[in-house]
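J.: Sequential numbering of the sequence shown, starting at 1, is according to UniProt numbering. Backbone N, C-alpha and C fix where the C-beta goes; we use that ideal spot for every residue, glycine too. Starting off with a structure, shown below.
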Amino acid sequence: MRAVQITEFGGPEVLNVVDLPDPVPGDGQQLYEVSAAGVNYADTHQTEDSYLAPQTLPLVPGAEFVGRPAGGGERVVGLVEGGGYAEKVVGSPRLTWPVPDAVTDEQALALVLQGTTAWHLLRTSAHLAAGESVVVIAGAGGVGSLAVQLAKRWGAGRVIATASSPEKRALAEELGADATVDPALADDDPKTFTAALREANGGKRVDVVLEMTGGNVFDGSFSALAPFGRLVAYGMAGRRPPKAVQPPSLMGTSRGVIGFWLAHCFSRPAMLDDAMSDLLQLTADGALKPVGGGRYPLSAVREAHQDILSRRTTGKLVLDPTR
Numbered sequence: 001m002r003a004v005q006i007t008e009f010g011g012p013e014v015l016n017v018v019d020l021p022d023p024v025p026g027d028g029q030q031l032y033e034v035s036a037a038g039v040n041y042a043d044t045h046q047t048e049d050s051y052l053a054p055q056t057l058p059l060v061p062g063a064e065f066v067g068r069p070a071g072g073g074e075r076v077v078g079l080v081e082g083g084g085y086a087e088k089v090v091g092s093p094r095l096t097w098p099v100p101d102a103v104t105d106e107q108a109l110a111l112v113l114q115g116t117t118a119w120h121l122l123r124t125s126a127h128l129a130a131g132e133s134v135v136v137i138a139g140a141g142g143v144g145s146l147a148v149q150l151a152k153r154w155g156a157g158r159v160i161a162t163a164s165s166p167e168k169r170a171l172a173e174e175l176g177a178d179a180t181v182d183p184a185l186a187d188d189d190p191k192t193f194t195a196a197l198r199e200a201n202g203g204k205r206v207d208v209v210l211e212m213t214g215g216n217v218f219d220g221s222f223s224a225l226a227p228f229g230r231l232v233a234y235g236m237a238g239r240r241p242p243k244a245v246q247p248p249s250l251m252g253t254s255r256g257v258i259g260f261w262l263a264h265c266f267s268r269p270a271m272l273d274d275a276m277s278d279l280l281q282l283t284a285d286g287a288l289k290p291v292g293g294g295r296y297p298l299s300a301v302r303e304a305h306q307d308i309l310s311r312r313t314t315g316k317l318v319l320d321p322t323r
């Protein structure tokens, strides 16, 4: 089978399309023929070996796929611990979900990792309450574009999205954001970013921040929180850690910082079932609109990673293993 393999860590240049033997299912696993594979920002960390879990070479990246069981069967979308960038993958049927006919491969891939992340960020980690203000960092991205829509649907009083270009800010507003902010304001001084977030919230501090950049964006977002506000950290795309949050800064302002990593839901599949059943139905009904970011041939995997790293993309990126 054709697959993308990494034999050394680095940037997009280490991604190579090669021929490999078909994977062999273990106990409780199924072999699937892949029609589309999802690309995530986290995959770029995996390629660099800079993510939360250490990686072992050689490896085939990719945590999500749409396909059918080898030999035939219904179309499913699934999560795997690796190997998604390939024509075939092995996975656990317990971590797959049937895809309704009204949902495309691209939409299903937008939901299975990024959609479930957005769902749990708001429901499980932030415990969003009706009327609360929500800041969505990278509101035109895969997670952010869905989080904006879900926050509005679940009664957020005001949704503020950050995005790095006028086009991305316009997209976030089309999806339901009440206001948008340029994250570049945090480049020199996080206080400038804090002031912009408060201005976008009518001069008030904000209740919830979904944060995936780190560095000054994290620090500026944290400073913008109201008493009892929550910042949920689920990534560090800027590759720069924020300044340490000290207990006095939490206690003295009654603010909270919560971490979220979807991998912890893998051992609790019911948490994924709750999110996927909701997200797939909303999408099939047209109430939720996953944003497509482009379909790349498997042979153009380096270009896909370069585009996502340079922030040229919006929405969900997909690899086509047949090309």
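Starting from residue 32, follow the beta strand (DSSP E) in both directions and report where the run begins and ends.
T.: Run containing residue 32: 30 to 39, per the beta strand (DSSP E) assignment.
J.: Determine whether the beta carbon atoms of residue 318 and residue 15 lie at a separation below 9 Å.
T.: no
J.: Per DSSP, which residues does residue 8 bridge with? Please list them.
T.: In the DSSP output, where bridge partners are listed per residue, residue 8 has none listed.
J.: On a CA-only basis, which of 182, 164, 187 is nearest residue 314? Give me that one, please.
T.: Per the Cα distances, 164.
J.: Can you tell me which residues form a DSSP beta bridge with residue 161?
T.: 136, 180
J.: Alpha carbon to alpha carbon, how far is residue 198 from residue 85?
T.: In this structure, the alpha-carbon of residue 198 lies about 42 Å from that of residue 85.
J.: Which word fits residue 127, buried or exposed, when buried means at least 16 other C-beta atoms lie within 10 angstroms of its C-beta?
T.: exposed
J.: For residue 22 and residue 89, I'd like the C-alpha separation in whole angstroms.
T.: 8 Å
J.: Which residues does DSSP list as the beta-bridge partners of residue 67?
T.: 34, 76
J.: Rounded to the nearest angstrom, what separates residue 99 and residue 48 at their Cα positions?
T.: 32 Å
J.: State buried or exposed for residue 66, treating a residue as buried only when at least 16 other CB atoms are found within 10 Å of its CB.
T.: buried
J.: Report buried or exposed for residue 10, applying the criterion of at least 16 other Cβ atoms within 10 angstroms of its Cβ.
T.: exposed
J.: Under three-state DSSP, which class holds residue 204?
T.: coil
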